[in-house]
Amino acid sequence: MSRSEQKSQTRQQLLQGAGRGFRKAGFGGIGVDGLAKEAGVTSGAFYVHFDSKAQAFRESVALGMAELRGGVLYFQEQHGHAWWPEFVRFYLSAKRTCDLSESCTLQTMPIEVSRSDEASRTTFEDALRDVAQAVVDGPDSPNAPQDMEAACAALSSLVGAVTLARAVFSREFADQIAAGTEHALLGPQATLPA
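Numbering of the sequence shown is given in the working numbering, commencing with residue 82 and proceeding in unit increments.
Okay, structure coming up:
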């Protein structure tokens with residue numbers, strides 16, 4: 082592996098680790114040492130790749146949102162006409178129950194972004210528009226959003242449901258939150274798989 086390939090790989094490792102760290106602990110809950118540890122590198126390596134924690138935050142938010150957009154495109158490609166119900170069910174199950182460090186950037190980072198600098202907020206806004214546009218541009222699918230407003234409302238519903246379901250103690254109540262949101266997004270025939 083060349084030196085530039087190794088540097089690129091380390092940077093990607095740092096971005097992935099920073100994303101996990103920020104999703105788990107928030108911007109204020111983790112420092113550079115913790116971010117470096119999460120990525121399995123030294124703090125010195127962190128500063129080779131990023132000028133500041135804020136830069137790492139901004140880039141990890143962009144990466145997380147790009148991964149969400151990639152997930153939407155994956156569901157569209159893999160499930161065709163059924164992509165939207167499949168995506169909704171996946172989001173309300175897997176993204177609701179996974180470890181917080183592996184959760185969706187759209188669910189865990191907006192509050193952190195709202196407290197951050199203008200550059201981070203702009204990065205997030207652009208990426209959110211890209212995700213919503215990917216939803217709108219997808220193949221015809223039952224109850225799929227048809228315009229940006231509907232896509233933003235649907236994404237907000239998914240994020241809100243996952244956030245509330247993660248916050249409650251009762252598994253039964255969390256399941257009710259997810260089932261109610263699935264019903265609202267997919268119609269009365271929708272049922273959340275067990």
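Glycine included, every Cβ here is placed at the ideal spot set by N, Cα and C.
With a CB to CB cut of under 7 Å and the five nearest residues on each side skipped, what residues in its chain are close to Ala-143?
-> Answer for Ala-143: Thr-204, Ala-208, listed in chain order.
Starting from Gly-102 and walking both ways along the alpha helix (DSSP H), at which residues does that stretch end?
-> Here the alpha helix (DSSP H) through Gly-102 covers 84-106.
Less than 7 Å separating the beta-carbons of Met-190 and Ala-213?
-> Result no, Cβ atoms of Met-190 and Ala-213 do not sit closer than 7 Å.
Ordered list of alpha helix (DSSP H) runs contained in the segment 178-262, each at least 4 residues | If we require 4 residues or more, the alpha helix (DSSP H) runs fully inside the segment 178-262 come out as 186-189, 191-195, 199-217, 229-248.
Which word fits Ala-99, buried or exposed, when buried means at least 16 other C-beta atoms lie within 10 angstroms of its C-beta?
-> Ala-99 counts as buried, since at least 16 other C-beta atoms from the protein chains shown sit within 10 angstroms of its C-beta.
Can you grab the Cα-Cα spacing for the pair Leu-266 / Ala-235, in whole Å?
-> About 7 Å.
Enumerate in chain order the residues of its own chain whose CB-to-CB distance from Ile-258 is below 8 Å, with the five nearest sequence positions on each side excluded.
-> So the list reads Ala-242, Leu-245, Ala-246, Val-249, once near-sequence residues are dropped.
Do you know how far the Cα of Arg-84 is from the Cα of Thr-123?
-> Each residue's alpha carbon lies about 17 Å from the other.
Report all residues from its chain with a CB closer than 6 Å to the CB of Cys-233; omit the five preceding and five following residues, and keep chain order.
-> Closer than 6 Å at Cβ, skipping near neighbours: Ala-213.
Just mark His-130 as buried or exposed, buried being the case when its beta carbon has 16 or more other beta carbons within 10 Å.
-> Flag for His-130 reads buried.
Hey, Ala-215 and Leu-154: beta-carbon distance below 7 Å or not?
-> Yes, they are a contact pair.
To the nearest angstrom, how far is it from the Cα of Lys-118 to the Cα of Ala-126?
-> If you take the alpha carbons of Lys-118 and Ala-126, they lie about 11 Å apart.
Identify which residue in Lys-88, Trp-165, Met-82 has its Cα closest to the Cα of Pro-220.
-> Minimum Cα distance to Pro-220 is reached at Trp-165.
Give the range of the alpha helix (DSSP H) segment to which Gly-268 is assigned.
-> Where Gly-268 is concerned, there is no enclosing alpha helix (DSSP H), given that its DSSP letter is neither H nor E.
Could you check the C-alpha separation between Ala-275 and Val-113 for me, to the nearest Å?
-> With a pLDDT of 41 at Ala-275, under the threshold of 50, the modelled position of this residue cannot be trusted, and the question is left open.
Same chain, Cβ closer than 8 Å to Arg-177, five either side skipped, listed in chain order | Only Ala-242, Val-243, Ala-246, Arg-247, Ala-255, Ala-259 meet the Cβ criterion.
Nearest-angstrom Cα distance between Pro-269 and Phe-138?
-> Rounded to whole angstroms, the separation of the alpha carbons of Phe-138 and Pro-269 is 40 Å.
Closer than 7 Å by C-beta to Gln-157: which residues in its own chain qualify, once you throw out the five before and the five after it? Chain order, please.
-> Closer than 7 Å at the Cβ level, and outside the excluded window around Gln-157, lie Trp-164, Gly-219, Pro-220.
Is Gly-121 helix, strand or coil by DSSP?
-> In this structure, Gly-121 counts as coil in the three-state DSSP scheme.
Whole-angstrom Cβ separation of Ala-120 and Gln-136, contact assumed at under 8 Å?
-> Contact doesn't hold; Cβ gap of about 15 Å is too wide.
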